[in-house]
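Per our numbering, the sequence shown starts with residue 19, numbered consecutively. The C-beta atom is built at its ideal place from N, Cα and C for all residues, glycine as well. Take a look at the structure below.
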Amino acid sequence: MMPVDYGDMVASMAGAGRPSAREVSNALCADSQPGANLMGASDFLWQWGQFLDHDIEVILSSTPPAPD
Numbered sequence: 019m020m021p022v023d024y025g026d027m028v029a030s031m032a033g034a035g036r037p038s039a040r041e042v043s044n045a046l047c048a049d050s051q052p053g054a055n056l057m058g059a060s061d062f063l064w065q066w067g068q069f070l071d072h073d074i075e076v077i078l079s080s081t082p083p084a085p086d
């Protein structure tokens, strides 16, 4: 979607004047209306879902211990 933009046109970093990843993340994730959304859910809801998703994935992918 964007043209290639490397310092040496091959692989080196470019864009010394660009904002840092943290600045971009903060700008994209800025919450203009803190608190619950229209359905009454806060950010805790998606964070809890993410925790459950990762926990279930670890449980399902782990190998059970061999019986003694």
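Within the same chain, and ignoring the five residues on either side of residue 77 in sequence, no residue has its Cβ closer than 8 Å to its Cβ.
With a cutoff of 7 Å on beta-carbon distance, residue 32 and residue 23 are scored as near each other. Per DSSP, the unbroken alpha helix (DSSP H) holding residue 68 starts and ends at 61 to 79. Within the same chain, Cβ atoms closer than 6 Å to the Cβ of residue 54 are found at 60, the five residues on either side in sequence being excluded. The beta carbon of residue 45 is closer than 6 Å to none in its chain, skipping five residues each way along the sequence.
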